[in-house]
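Novice: Could you have a look at this structure, given as structure tokens, before my questions?
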Amino acid sequence: MIRVVRNPAEAEVKFECTMCGECCLGTSMELLTDDMERIVGLGYGLDQFAARGSDGVWRLRNVDGHCVFYDPDSKRCRIYESRPIGCRLYPLNYDDEEGAVVDKACPAWRTVPPSEKKRLGRLLQLFVEETQRTDDEVRLLRLMGKL
């Protein structure tokens, strides 16, 4: 496992978030080991918030069409200060050909300055590589008959 970021705040996208909660709906955000450790440190059991997919990647659970930590009444994240790196990087996504791209499904996507795409591009790439590494390791273990 690589350490994608030492301080999760380094992954914050600087833009004019409207706090609408749209990014929490229908999501299955990938989790890094550091994310899971941080959330477990808040007192949650891993099985309460995460599920491992058939690809071996750990993801946030989706309950009733939204992230397990999304509060539909307040439209806020219950663990905002400790949220996963992938959530912090949103609305930026990584494209193999274009690098950092802004997800136009976010109502505030136009407020992401180009400098943020440049600043966080490498971090996005590392995040994607780390989640893919998990998938590759699981596939290899299956081939070896260990899973």
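Per this note's numbering, the sequence shown starts with residue 1123, numbered consecutively. Where is the CB? At the ideal position from N, CA and C, for every residue including glycine. Nothing here was measured: the structure is a model prediction, and the numbers come from that model.
Could you tell me whether the segment 1172-1182 touches the segment 1139-1152, where touching means 3 or more Cβ pairs closer than 8 Å?
Specialist: Cβ pair count under 8 Å is three or more, so yes.
Novice: Can you confirm whether the segment 1157-1173 touches the segment 1227-1237 when touching is taken to mean that 3 or more C-beta pairs between the two stretches lie within less than 8 Å?
Specialist: Not touching, per the Cβ criterion.
Novice: If you draw a straight line from the C-alpha of R1241 to the C-alpha of E1132, how long is it?
Specialist: 10 Å
Novice: Taking the alpha-carbon of E1219 as reference, which of P1213, S1237, G1243 has the nearest alpha-carbon?
Specialist: G1243
Novice: Which runs of the beta strand (DSSP E) spanning at least 3 residues fall entirely within the segment 1194-1248, listed in chain order?
Specialist: 1214-1217, 1221-1224
Novice: So, is R1198 buried or exposed, given that buried needs 16 or more other C-beta atoms within 10 angstroms?
Specialist: exposed
Novice: Between which two residues does the beta strand (DSSP E) holding R1160 run?
Specialist: Counting along the chain, R1160 falls outside any beta strand (DSSP E), though it belongs to the alpha helix (DSSP H) covering 1155-1162.
Novice: Go ahead and label E1203 buried or exposed: buried means 16 or more other beta carbons lie within 10 angstroms of its beta carbon, across all protein chains shown.
Specialist: exposed
Novice: Using 8 Å for Cβ pairs, my map puts L1147 next to G1187. What's the rounded Cβ distance?
Specialist: 6 Å
Novice: What is the DSSP secondary structure of V1250, counted as helix, strand or coil?
Specialist: helix
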